[in-house]
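Shown next, in structure tokens, is the structure this report addresses.
Residue numbers (the numbering used here): 3 to 248.
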């Protein structure tokens with residue numbers, strides 16, 4: 003999918019572990035400085051979590067939040083907040099797939115099962131991914147290169163099976179489809195940058211932007227997937243994006 007916009011959507015995924023939270027803020031600052039759009043799972047700026055620390059770093063620049071409330075709402079909703087657009091998801095952890103689909107590229111910081119599923123989904127959709135954090139070096143090459151089946155299975159175990167009430171989403175989000183995407187993953191689709199203490203946030207973002215300008219461009223592949231019950235949210239999102247990504 004291609005989009006008529008001038009700004010890339012760069013997701014920041016990670017757990018609230020160690021240096022990941024302050025590093026996320028630095029990423030938000032650089033993404034804004036490069037005049038791109040941040041995407042996280044947050045709904046406001048703060049210093050309490052990776053997702054909201056990244057939003058804090060983005061400041062007044064446009065950002066997208068795919069929020070998972072503690073109590074699952076009856077239906078999806080959305081609203082604008084300052085310079086951001088917040089999608090209130092009713093998908094529980096399956097919103098991780100929506101985040102991966104919306105972004106053009108992603109940065110995976112140190113995290114746990116939720117972060118892992120977000121990165122697996124992003125790569126299965128052939129999004130460009132930068133990995134920051136020592137845990138990725140230890141577990142990622144084994145799971146992806148030697149056993150994509152294991153990676154797909156672990157990601158789906160985190161989000162759970164899509165129910166019969168969402169047949170459109172079920173066609174997109176299942177272990178077989180995720181595995182197929184991983185098996186056809188381009189060799190240069192991801193890169194490991196080291197720990198949060200060593201990797202420069204500028205280098206991470208600039209690698210994404212420079213790589214996405216190659217002939218086989220991965221830039222602007224992000225788009226809103228067809229999900230049951232999300233038509234109105236999708237329409238409002240497209241209007242907001244057209245105004246902020248030109």
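All C-beta atoms, glycine included, are put in the ideal place defined by N, C-alpha and C.
(1) Going by DSSP in three states, residue 109 sits in which element: helix, strand or coil?
(2) When you compare the CB positions of residue 239 and residue 226, do they come within less than 8 Å of one another, or not?
(3) Could you give the DSSP three-state label for residue 179: helix, strand or coil?
(4) In this structure, how does DSSP classify residue 32 when only helix, strand and coil are distinguished?
(5) Residue range of the beta strand (DSSP E) that residue 166 falls in?
(6) When the Cα atoms are used, what is the spatial distance from residue 243 to residue 68?
(7) Assuming contact is defined by CB atoms lying nearer than 8 Å, are residue 207 and residue 33 in contact in what I supplied?
(8) Going by the CB atoms, is the gap between residue 198 and residue 30 shorter than 8 Å?
(9) For residue 38, is the classification buried or exposed, using 16 other Cβ atoms within 10 angstroms of its Cβ as the cut-off for buried?
(10) Would the stretch 99-108 count as touching the stretch 124-140 if we require 3 or more Cβ pairs under 8 Å?
(11) Could you tell me the boundaries of the beta strand (DSSP E) in which residue 193 lies?
(12) Based on DSSP bridge pairs, tell me the residues matched to residue 138.
(13) Thinking just about the alpha-carbon of each residue, which of 52, 25 and 9 is nearest to the one in residue 17?
(14) Quick check: the Cα distance between residue 139 and residue 196, rounded to an integer number of angstroms?
Taking the coordinates as given:
(1) Reduced to three states, the DSSP call for residue 109 is strand.
(2) Cβ atoms of residue 239 and residue 226: closer than 8 Å.
(3) Residue state, collapsed to three classes: helix.
(4) Helix, per DSSP.
(5) Unbroken run through residue 166: none, as it is neither H nor E.
(6) Using only the alpha carbons, I get a separation of about 14 Å.
(7) Residue 33 is positioned such that its CB atom lies closer than 8 Å to that of residue 207.
(8) A distance of 8 Å or more separates the beta carbons of residue 30 and residue 198.
(9) Residue 38 is buried by the Cβ-count criterion.
(10) Verdict: yes, contact present.
(11) Segment 192-194, the beta strand (DSSP E) holding residue 193.
(12) The partner list for residue 138 (beta bridge, DSSP) is empty, contrary to what the question assumes.
(13) Looking at the Cα atoms, 52 is the closest of the given residues.
(14) A direct Cα-Cα distance of roughly 8 Å separates residue 139 from residue 196.
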